[in-house]
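Everything in the sequence shown is counted per the numbering used here, starting at 1 for the first residue and increasing by one.
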Amino acid sequence: LEFNDTLAVIESLYTFTPVAFKNGELMNAAGQNSGSCKLFAFAQIQNFSVEQTLACFGAYYRNDVLENPEGSDHMNIRNFMRYGWHGIQYQGKALTPKQSS
């Protein structure tokens, strides 16, 4: 599973509205880190576990983060690993189901 595959599924099912969100100690402004915003919102809707959610980040999680545990990149992934769902707070609704035609 790769990050772009996850985003493709999300974008096929939901309309995205950029909203600010907090992830542990990291505050993301509306429109900043939209991929993470979409993924976390989708994973919440689907009731994914922390592990399932991290897997949706694909190589960013497996290669960039797990193989470089002291790194400072991908801070949304790193904060989520530390704080889990308790650290995620949205300022608005990021995803709205698309109407079937």
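Every residue gets a Cβ at the ideal spot worked out from N, C-alpha and C, and that includes glycine.
Cα separation between residue i and residue j?
i     : j     : result
Ile88 : Ala59 : 22 Å
Ala29 : Gly92 : 12 Å
Asp5  : Asn23 : 22 Å
Asn79 : Ser72 : 11 Å
Leu66 : Thr15 : 31 Å
Phe21 : Glu2  : 23 Å
Return helix, strand or coil for residue i, following the three-state DSSP convention.
i     : result
Leu26 : strand
Gln44 : helix
Gln91 : coil
Thr17 : coil
From the options, pick the residue whose C-alpha is nearest to that of residue i; which is it?
i     : options                       : result
Gly31 : Ala43, Ala94, Ser49 and Ala55 : Ala94
Tyr90 : Met75, Val9, Gln46 and Thr17  : Thr17
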